[in-house]
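Engineer:
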Amino acid sequence: MKKGQSKTKLTYERKNFWKDAPATEQKAAIEYAVEYRNYLNQAKTERETVAWTEAYLKKHKFTDIKGRKGSKKVYSIFRGRTMAMAILGTDPLSQGFNMVASHIDSPRIDLKQNPLYQDGPSEMACMRTHYYGGIKKYQWVSTPLALHGVVIKSDGNKINIHLGEEENEPVFIIPDLLPHLARKEQYSKNINEAIDASKLNLVFSGMVEPSSEEKEAAKLFALEVLNKTYGITEKDFLSAELYLVPAFKARDAGIDSSMVAGYGQDDRICAYTALTALTNANLTNPERTMIVYFSDKEEVGSQGATGANSIFIQDFVSDLMEYKGEENTSTNLRKAFINSHIISADVTAAIDPNYPNVHEKQNAVIFNHGIGIAKFTGSGGKYSCNDANAEFTAKILKIFTEAGVFWQLGELGKVDEGGGGTIAYILANLGAEVIDCGVGIMGMHSLYELCSKADLYSTYKAYQAFLTTNKLERSIP
Ligand code: MN
Ligand code: MN
Numbered sequence: 003m004k005k006g007q008s009k010t011k012l013t014y015e016r017k018n019f020w021k022d023a024p025a026t027e028q029k030a031a032i033e034y035a036v037e038y039r040n041y042l043n044q045a046k047t048e049r050e051t052v053a054w055t056e057a058y059l060k061k062h063k064f065t066d067i068k069g070r071k072g073s074k075k076v077y078s079i080f081r082g083r084t085m086a087m088a089i090l091g092t093d094p095l096s097q098g099f100n101m102v103a104s105h106i107d108s109p110r111i112d113l114k115q116n117p118l119y120q121d122g123p124s125e126m127a128c129m130r131t132h133y134y135g136g137i138k139k140y141q142w143v144s145t146p147l148a149l150h151g152v153v154i155k156s157d158g159n160k161i162n163i164h165l166g167e168e169e170n171e172p173v174f175i176i177p178d179l180l181p182h183l184a185r186k187e188q189y190s191k192n193i194n195e196a197i198d199a200s201k202l203n204l205v206f207s208g209m210v211e212p213s214s215e216e217k218e219a220a221k222l223f224a225l226e227v228l229n230k231t232y233g234i235t236e237k238d239f240l241s242a243e244l245y246l247v248p249a250f251k252a253r254d255a256g257i258d259s260s261m262v263a264g265y266g267q268d269d270r271i272c273a274y275t276a277l278t279a280l281t282n283a284n285l286t287n288p289e290r291t292m293i294v295y296f297s298d299k300e301e302v303g304s305q306g307a308t309g310a311n312s313i314f315i316q317d318f319v320s321d322l323m324e325y326k327g328e329e330n331t332s333t334n335l336r337k338a339f340i341n342s343h344i345i346s347a348d349v350t351a352a353i354d355p356n357y358p359n360v361h362e363k364q365n366a367v368i369f370n371h372g373i374g375i376a377k378f379t380g381s382g383g384k385y386s387c388n389d390a391n392a393e394f395t396a397k398i399l400k401i402f403t404e405a406g407v408f409w410q411l412g413e414l415g416k417v418d419e420g421g422g423g424t425i426a427y428i429l430a431n432l433g434a435e436v437i438d439c440g441v442g443i444m445g446m447h448s449l450y451e452l453c454s455k456a457d458l459y460s461t462y463k464a465y466q467a468f469l470t471t472n473k474l475e476r477s478i479p
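Under this note's numbering, the residue at position 347 of the sequence shown is numbered 349, and the numbers go up by one with no gaps.
Here it is as structure tokens:
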């Protein structure tokens, strides 16, 4: 080392937001979390997130792309559970766009299609369930759950159900077995098998009509209550989508209130930061079109009409071309994706003080050090990964650094410890440059996921810097 050359110029160290960020930014981070918490309480399912987001976009002067022309701010909703929104730029879309793509479904417990039964031994009316996504079943028992979803009646009427969120509303419980009697049923089994999926039945109700002679009086009583409240019958369940989600509210966490605890932060934290990054983007005449995409079904493999594998996002870009008066040929559409830059906005695993051994600290995300960038995802020898190339990764780091964003790189866990994927590879398959960037979470997929307000805010700033940049060159002319 030459004399006078400081060691800090040669080495890399990530920065702690609370130590190094300006006081104004720290204050902004605390304030940003307030509305975020409210959002988590109002948007607990993909349908609710779409509805909440549409109302929010309308407030920010966005219009439905199928409506009146002339607006530069447009959105499109598909089947009520996936959506995309954009601020149009002056450049043709075939020269590429900047997109932040997240998902808005979260692990939960669904009611089965024919759920209601009267349990013989307990004489209670119960509901059979089928879990959705990667849950640890033991977390969902003996905890207050709320019932969210839709029932379509035979006359086509849609009933929205949202029960268990208000103080005066009942919650729903899947009771766990008492420890006194769990020796054979649970303690002799491994944690994954201790609670069988067939034992995740909800205790729904227990009252019966006075002096009822009915054999299944509790079930009948439950149906009567449902009919009085919602006008539905047992048959209406067959087509319904009813989810059980944690009934509690998102809260500040920690003695310093530096964290947010709440359900469904995977991945609504990235959806919210992307949305607000777009709506607060202060560009009067952007060159590149900015797109935010909320996909569905990520937790179960991104398949189907509303998952990231669906044609929807390509159709949205094609609609944008038409809206802008560009030729929306299939060649132009392919070019648009190949010339585009996409952040796959999904959460990653931050180091948990109780289980540091599943991470390799030098290459893992830690709280309070900013947005987590995963150059690649996947498992084992990088199987099924999207691997952002060095050129694009370097550009992303430059954009974040120039914007004063706190960032860090991190893999999801130690090599061979496990792993996971995001929708990154699906969009990369269309030829776009894609990299994973999102918030590090503790207790991911649990009922009460934990994030740092520093990372929440840094992610918002990072997405905004990315969406508004015009420094990303297209791959083909
Ligand atoms: Mn996710
Ligand atoms: Mn997930």
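We put the CB at the ideal spot given by N, CA and C, even for glycine. Since we're looking at a predicted model, the values are computed, not measured.
Just jot down, in chain order, the residues whose CB lies closer than 6 Å to any heavy atom of ligand 2.
Structural biologist: D268, E301 and H447
Engineer: In this structure, how does DSSP classify S241 when only helix, strand and coil are distinguished?
Structural biologist: As a working note, residue 241 is residue 239 in the sequence shown. Note: S241 maps to helix in three-state DSSP.
Engineer: Going by CA-CA distance only, name the one from I428, D418 and G303 that's closest to V360.
Structural biologist: Start at 1 with the first residue of the sequence shown, and residue 360 comes out as number 358. With distances taken between Cα atoms, V360 lies closest to D418.
Engineer: Here's the rule: buried if 16 or more other CB atoms are within 10 angstroms of the residue's CB, otherwise exposed. What is Q501?
Structural biologist: Beyond the ends of the chain as shown, which are 3 and 479, falls residue 501; an answer cannot be given.
Engineer: Take Q188 and list the residues in its own chain whose beta-carbon comes closer than 8 Å to its own, dropping the five residues that flank it on each side.
Structural biologist: Along the sequence shown, one-based indexing puts residue 188 at 186. Answer for Q188: L179, A196 and I197, listed in chain order.
Engineer: Beta-carbon within less than 8 Å of K237's beta-carbon, same chain only, minus the 5 sequence neighbours each way: which residues are those?
Structural biologist: Working through the sequence shown from its first residue, we reach residue 237 at position 235. Closer than 8 Å at Cβ, skipping near neighbours: S156.
Engineer: Can you tell me whether A283 is helix, strand or coil according to DSSP?
Structural biologist: Start at 1 with the first residue of the sequence shown, and residue 283 comes out as number 281. A283: coil per DSSP, three-state reduction.
Engineer: May I ask which residues mark the beginning and end of the alpha helix (DSSP H) holding Y265?
Structural biologist: Within the sequence shown, numbered from 1, the residue matching residue 265 stands at position 263. Neither: Y265 is in no alpha helix (DSSP H) and is coded neither H nor E.
Engineer: Going by the DSSP bridge assignment, what does N162 pair with across the sheet?
Structural biologist: The residue labelled residue 162 in the question sits at position 160 within the sequence shown. Answer is V152, bridged to N162.
Engineer: In this structure, does DSSP put V417 in helix, strand or coil?
Structural biologist: For the purposes of this step, residue 417 is taken as the residue at position 415 of the sequence shown. Note: V417 maps to coil in three-state DSSP.
Engineer: In chain order, what are the residue ranges of uninterrupted beta strand (DSSP E) at least 3 long that sit wholly in the segment 307–376?
Structural biologist: For the segment 307–376, whole beta strand (DSSP E) runs of length 3 or above, ordered along the chain, are 343–346 and 373–376.
Engineer: Have a look at N334 and D457 and give me their C-alpha separation to the nearest angstrom.
Structural biologist: The residue labelled residue 334 in the question sits at position 332 within the sequence shown. The residue labelled residue 457 in the question sits at position 455 within the sequence shown. So the alpha carbons of these two residues sit roughly 37 Å apart.
Engineer: Rounding to the nearest angstrom, what Cα-Cα distance links F174 and P248 in this structure?
Structural biologist: Counted from its first residue, the sequence shown places residue 174 at position 172. Counted from its first residue, the sequence shown places residue 248 at position 246. Cα to Cα, the separation comes out at about 9 Å.
Engineer: Thinking C-beta only, is T55 closer than 9 Å to M85?
Structural biologist: Start at 1 with the first residue of the sequence shown, and residue 85 comes out as number 83. Start at 1 with the first residue of the sequence shown, and residue 55 comes out as number 53. Closer than 9 Å, so yes.
Engineer: Assuming the contact rule is C-beta atoms closer than 8 Å, S108 and R270 should be a hit. Round their C-beta distance to whole Å, please.
Structural biologist: By one-based count along the sequence shown, residue 108 stands at place 106. By one-based count along the sequence shown, residue 270 stands at place 268. Yes, S108 and R270 are in contact; Cβ-Cβ is about 7 Å, under 8 Å.
Engineer: Check whether the Cβ atoms of D348 and T278 sit closer than 9 Å, and answer yes or no.
Structural biologist: As a first step, residue 348 must be located in the sequence shown, where it is residue number 346. As a first step, residue 278 must be located in the sequence shown, where it is residue number 276. Not a contact, by the Cβ cut-off of 9 Å.
Engineer: Do A53 and I315 have their beta-carbon atoms positioned less than 9 Å apart in this structure?
Structural biologist: Residue numbering aside, residue 315 sits at position 313 when the sequence shown is read from its first letter. Residue numbering aside, residue 53 sits at position 51 when the sequence shown is read from its first letter. No, they are not a contact pair.
Engineer: Count the C-beta pairs between the segment 299–317 and the segment 423–438 that are closer than 8 Å, then say yes if the count reaches three, no if not.
Structural biologist: A contact exists between the segment 299–317 and the segment 423–438.
Engineer: Label L12 either buried or exposed according to how many other C-beta atoms from any shown protein chain fall within 10 Å of its C-beta, with 16 as the threshold for buried.
Structural biologist: Position 10 of the sequence shown, counted from the first residue, corresponds to residue 12. Result: exposed.
Engineer: Give the straight-line distance between the Cα atoms of C439 and V319, rounded to the nearest whole angstrom.
Structural biologist: The residue you call residue 439 lines up with position 437 of the sequence shown. The residue you call residue 319 lines up with position 317 of the sequence shown. Going from the Cα of C439 to the Cα of V319 covers about 22 Å.
Engineer: Roughly how far, in whole angstroms, is the beta-carbon of K326 from the beta-carbon of L59, given that I think they are within contact range, below 8 Å?
Structural biologist: Indexing the sequence shown from 1 puts residue 326 at position 324. Indexing the sequence shown from 1 puts residue 59 at position 57. Not quite, the Cβ-Cβ distance comes to about 19 Å (not below 8 Å), so this is no contact.
Engineer: Pairs of beta-carbons, one from the segment 119–137 and one from the segment 352–367, closer than 8 Å: are there three or more?
Structural biologist: no
Engineer: Kindly indicate which three-state DSSP category V227 falls into: helix, strand or coil?
Structural biologist: Numbered from its first residue, the sequence shown carries residue 227 at position 225. V227 falls in the helix class under three-state DSSP.
Engineer: Determine the burial state of G420: buried for a count of at least 16 other Cβ atoms within 10 Å of its Cβ, exposed for fewer.
Structural biologist: Position 418 of the sequence shown holds residue 420. Per the 10 Å Cβ criterion, exposed.
Engineer: From T51, N40 and A88, pick the residue whose C-alpha is nearest to that of L285; which is it?
Structural biologist: As a first step, residue 285 must be located in the sequence shown, where it is residue number 283. Shortest Cα-Cα distance from L285 to any of T51, N40 and A88 involves A88.
Engineer: E125: which of S454, V210 and I375 sits nearest, CA to CA?
Structural biologist: Reading the sequence shown from its first residue, position 123 is the one you call residue 125. When each option's Cα is compared against that of E125, the closest is V210.
Engineer: With H, G and I counted as helix, E and B as strand and the rest as coil, what does DSSP make of A430?
Structural biologist: Position 428 of the sequence shown holds residue 430. It is helical.
Engineer: Given this structure, state the Cα-to-Cα distance separating S386 from F378, to the nearest angstrom.
Structural biologist: Here residue 386 refers to the residue found at position 384 of the sequence shown. Here residue 378 refers to the residue found at position 376 of the sequence shown. About 10 Å.
Engineer: Spatial neighbours of D321 within its chain, please: C-beta separation below 6 Å, excluding the five flanking residues on both sides.
Structural biologist: In the sequence shown, counting from the first residue as 1, residue 321 sits at position 319. Hits under 6 Å: I67.
Engineer: With distance defined between alpha-carbon atoms, name the residue in N43, A464, R290 and V205 nearest to T145.
Structural biologist: Counting from 1 along the sequence shown, the entry for residue 145 is found at position 143. Ranking the options by Cα distance to T145, first place goes to V205.
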